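Structure first, commentary second.
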Amino acid sequence: MQLTGTLFADASALYGNEISTFPDYPAEIRAPHGTVSGVSGFQVHIGSGEVNTPGDFCDVLVAMNPAALRANAKWAKPTATVIIDTDTFDEALIKRAGYATLDPVTELRIEDRNIIYSPITTLTKESLKDSGMDQKAIVRCKNMFTLGMCFYMFNRPLEYTYAYLEKKFKKKPALIEPNKKVLFDGFNYAANIQAIANTYTVKPAKQEKGLYRNISGNQATAWGLIAASEKSGRPLFCGSYPITPATAILEELAIHKNLGVKTLQAEDEIAGICTAIGAAYAGNFAVTTTSGPGLSLKSEALGLAMITELPLVLVDVQRSGPSTGIPTKTEQTDLAQALYGRNGECPIAVVAAHSPSHCFDAAFYAGKYAMEHMMPVILLTEGFLGNGSEPWRIPSMKDYPAIKPPIIDKCEDAFQPFARDPESFARKWAFPGKSGLEHRVGGLEKNTAGVISSDPENHAKMVAERAEKVARLANYLPEQKVIGDENADVLIVGWGGTFGHLYTALHELQGEGKSVALCHFDFINPLPKNTADIFARYKKIIVCELNSGQFADYLRARLPQFNYLQYNKVQGQPFIVKEIVDAVNAIL
Amino acid sequence: MKYTAQDFKSNQEVRWCPGCGDHAVLAAIHRALPVVCEQRGYSKERLVFISGIGCSSRLPYYMDTFGFHSIHGRATAISTGVKVANPDLSVWQACGDGDALAIGGNHFIHAIRRNIDINIILFNNQIYGLTKGQYSPTSKLGQITKTSPYGTVENPFTPGSLVLGARGTFFARSLDSELALNQEIFVAAASHDGCSVCEMLTNCVIFNDGAHSTISDREYRADRTIVLRHGEPMVFGKEKDKGLILENGKLKVVKIGEDGITVDKLLVHDAHAEDPAIQNQLINMKYPDYPVALGVIRQVSEPTYDDRVRDQLTQVKEASKITCMDELLRSGATWTVE
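Chains A and B are the protein sequences, given in the same order.
With our numbering applied, the first sequence corresponds to residues -4 to 583, in that order.
With our numbering applied, the second sequence corresponds to residues 1076 to 1413, in that order.
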């Protein structure tokens, strides 16, 4: 189903639609067949106008078995078309999906939807009976048959997918023609049964001119890091350990050795960050990528990167926690850990990405700030962003700023490792191999000269200077922007991957004539300098986030003069637009 | 440039306890490095010393080189990152038995498995010194310490066997006070392309005094240890009258001149043997049945991780059409909006 969804999304993007996708799959690789918890879903939203979320409710629901129908029927609009593979709706599978009766459609009260009962498995077998493939392989093609049906319903051209199949099965050419055939047969079947009274025509969106590509958040993160490496002239080193849903970043980086990227799949999360710290000391642009529990494991080493004042980007693709939690589901529940989760006084810069393609910029700037300010930076993305994708107008690297790390090549006097730039408070980066700059760094408190010191005043001074360095990053950040009315009744505040939903909710509320504005944060620690000025303009502030109020609590600590209302959701799922609209309406 | 030991001494005060075995190991490092630099053509700034946490991990502060005193157990991972990031550096690591084999055991075996070209000096005093006397993964079974007041109930690691088990390419062992031998070992470690592990049996005068004294006391040392050198017959003893032979696949101590044993009948040390079977027996020799083996016990040639990383980068670069970010951004499936 993931492949079917991806192919539909790609075909639509290529056709010129705005798209937003949300793959939602179980934690198990081969989840128990036919159970509700084992349903693998792929949500795709296409449009001629702006598309900022994967959508709340759907126009077409494809349910390949009773469990998939039970898990998703509630998302089908009253006018929706529901495609059901009747071959899978037998007594055993209906029972396994947990229905009380043998009539799922009535039981779910969706009998008034436009339901297309199709023997998809049988039709697929019929379509491929002369293909020479075995039964198991044939049945696997039923998703392609369904994709063909969807292509008819949405007037999608088949050619792009034909080309894709030719590329995908280049090494197994025997699979190319059968897949094309079953796609074509699905398309014709949907046309012939006329159960679909009208096909949907979603015209290409009016997009800004330019060259586009489809990009997922994890891929964009990897590319943003490579871009920062190129702009800084520092080779990229990534030390990481596989973990869902961050792994795709490591996988993507591993491909690009042609651009000098070194990836080390470490023996554990701790080695991931520690190899990166070693690489940073040796002069590389060092990165480590992880998700939830991996961030916990990296905490001690993050403190080491902070006290040694080495540049490092830690990407945390947040997932549902605590502990292993629900690994494949999305949340924003690592914020407090990113901000505070270390021993000692250990403030670290925290930035966030707000859409799949924005992960590119977020990663690029995380790298810029880490290297120019000589400190670790945590980039928070989310499973929703990492796995989700959207069309992206391809930027040009000449439009990105230079990255100039404070590298020192020689020193007349004795080198002082912790002497600081008077503006940014960044120290110099002196890699091994440079004569006359021999020095020692480490986890023990030092003085400016780099000598171990347990002197009370020195410790207080160093703690304050390291905190000040993070605080001064605010002088280099863009001003925080507000979307919507300057003096609205309500200011919606969000951060990270909820942007698409909050933005769409803002438009709906404005459409209802409501006086609202949206202030969405990419920079969390430090906050942009004009944050308090913005908050002061609004009577009511509602902080919406996918946790129990971690950003709201942080704002209360930083800017206690304001009152913060909250809307929170901790279900391992993204917001739906309607609940935001309702929450804001409730306080208006 | 020619260096002397003095060139590698930092201006920082050495803070180990008087009588600690670490002093002697440090002295051997200071003396070995001028030879290393001359043989390998290194200038001083190419040397980096990395450590974890523990008494011995203070060592980088006492070296006038680049240094990184990191966190407990993680020195091996930091060293790995330094070496992969810049393979031109000569990376040295100081770590203890608790540091490298308990909390850092995972990184230790994986660095060895990958054959990263770093030189690990493992200070084995069989005790946690900096936390004031708890048993370590190399403490003897039954040893009484602060956390084992009735004696430990767990078997210790034999670090050399661990190295072999992890596909190690270089293992040497010595006593802290063997200044000349230790210099020789460090020079050999530096000339080995791959992960070199040098186990130094060190004495903690405060918390585990005399841990190695049954073999290290001057009076008995020659009779209770054997110094192995590749290609030389395995002779030991104050009078050079004892040796080792292989009988039915097992090592056996023999007396030269008795039962027709002559030096040329003794086993000749083969550190370069890929099959580690005999090396493992040598590593596991324990007094009183055997002399304890010192010197370079294993040194075999295998490609290093850092070389393979570099080669792969070069190959992929040569084969790829994409040379910069702008090209990558425009590669693959794209479309134009007019």
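C-beta atoms are modelled at their ideal positions from N, C-alpha and C, and glycine is treated no differently.
Being a predicted model, the structure only gives us computed values, none of them experimental.
Taking only three categories from DSSP, how would you classify residue i?
{"i": "residue 535 of chain A", "result": "strand"}
{"i": "residue 1209 of chain B", "result": "strand"}
{"i": "residue 1169 of chain B", "result": "strand"}
{"i": "residue 30 of chain A", "result": "coil"}
{"i": "residue 46 of chain A", "result": "coil"}
{"i": "residue 556 of chain A", "result": "coil"}
{"i": "residue 81 of chain A", "result": "helix"}
{"i": "residue 1410 of chain B", "result": "strand"}
{"i": "residue 384 of chain A", "result": "strand"}
{"i": "residue 288 of chain A", "result": "helix"}
{"i": "residue 218 of chain A", "result": "helix"}
{"i": "residue 1127 of chain B", "result": "coil"}
{"i": "residue 1218 of chain B", "result": "coil"}
{"i": "residue 211 of chain A", "result": "strand"}
{"i": "residue 1405 of chain B", "result": "coil"}
Are the C-beta of residue i and some C-beta of chain A separated by less than 7 Å?
{"i": "residue 1120 of chain B", "result": "yes"}
{"i": "residue 1181 of chain B", "result": "yes"}
{"i": "residue 1152 of chain B", "result": "yes"}
{"i": "residue 1144 of chain B", "result": "yes"}
{"i": "residue 1149 of chain B", "result": "yes"}
{"i": "residue 1141 of chain B", "result": "yes"}
{"i": "residue 1411 of chain B", "result": "yes"}
{"i": "residue 1185 of chain B", "result": "yes"}
{"i": "residue 1203 of chain B", "result": "no"}
{"i": "residue 1109 of chain B", "result": "no"}
{"i": "residue 1021 of chain B", "result": "Within the shown structure, residues of chain B are numbered from 1076 to 1413, placing residue 1021 of chain B beyond reach of any answer."}
{"i": "residue 1228 of chain B", "result": "no"}
How would you label residue i, buried or exposed, when you count the other beta carbons within 10 angstroms and need 16 or more for buried?
{"i": "residue 488 of chain A", "result": "buried"}
{"i": "residue 1267 of chain B", "result": "buried"}
{"i": "residue 184 of chain A", "result": "buried"}
{"i": "residue 519 of chain A", "result": "buried"}
{"i": "residue 582 of chain A", "result": "exposed"}
{"i": "residue 1319 of chain B", "result": "buried"}
{"i": "residue 21 of chain A", "result": "buried"}
{"i": "residue 24 of chain A", "result": "exposed"}
{"i": "residue 16 of chain A", "result": "buried"}
{"i": "residue 370 of chain A", "result": "buried"}
{"i": "residue 433 of chain A", "result": "buried"}
{"i": "residue 1133 of chain B", "result": "buried"}
{"i": "residue 208 of chain A", "result": "buried"}
Going by DSSP, name the residue or residues bridged to residue i.
{"i": "residue 234 of chain A", "result": "A:259"}
{"i": "residue 71 of chain A", "result": "A:53"}
{"i": "residue 415 of chain A", "result": "A:422"}
{"i": "residue 102 of chain A", "result": "None, per the DSSP bridge assignment."}
{"i": "residue 315 of chain A", "result": "A:321"}
{"i": "residue 563 of chain A", "result": "A:540"}
{"i": "residue 113 of chain A", "result": "A:80"}
{"i": "residue 38 of chain A", "result": "A:17"}
{"i": "residue 347 of chain A", "result": "A:375"}
{"i": "residue 1374 of chain B", "result": "B:1245"}
{"i": "residue 283 of chain A", "result": "A:309"}
Could one say the Cβ of residue i lies closer than 7 Å to chain B's Cβ atoms, at least one of them?
{"i": "residue 202 of chain A", "result": "yes"}
{"i": "residue 210 of chain A", "result": "no"}
{"i": "residue 160 of chain A", "result": "no"}
{"i": "residue 392 of chain A", "result": "yes"}
{"i": "residue 253 of chain A", "result": "yes"}
{"i": "residue 41 of chain A", "result": "no"}
{"i": "residue 207 of chain A", "result": "yes"}
{"i": "residue 9 of chain A", "result": "yes"}
{"i": "residue 389 of chain A", "result": "yes"}
Short-range partners of chain B found in the region 415 to 447 of chain A, where Cβ spacing is below 9 Å: 425, 426, 427, 428, 429, 430, 431, 432, 433, 434, 435, 436, 437, 438, 439, 446, 447
Members of the region 1388 to 1403 of chain B that neighbour chain A once the beta carbon cut-off is set at 8 Å: 1388, 1391, 1392, 1394, 1395, 1397, 1398, 1399, 1400, 1401, 1403
Interface residues of the region 262 to 273 of chain A facing chain B [CB-CB below 7 Å]: 262, 263, 265, 266, 269, 270, 271, 272, 273
Cβ-based contacts, 7 Å cut-off: residues of the region 276 to 303 of chain A near chain B: 276, 277, 278, 279, 295, 296, 299
Contacting positions in the region 213 to 232 of chain A - beta carbon closer than 8 Å to chain B: 218, 221, 222, 225, 230, 232
Interfacial residues, the region 1153 to 1176 of chain B to chain A, with Cβ spacing under 7 Å: 1153, 1154, 1155, 1156, 1157, 1159, 1160, 1161, 1163, 1164
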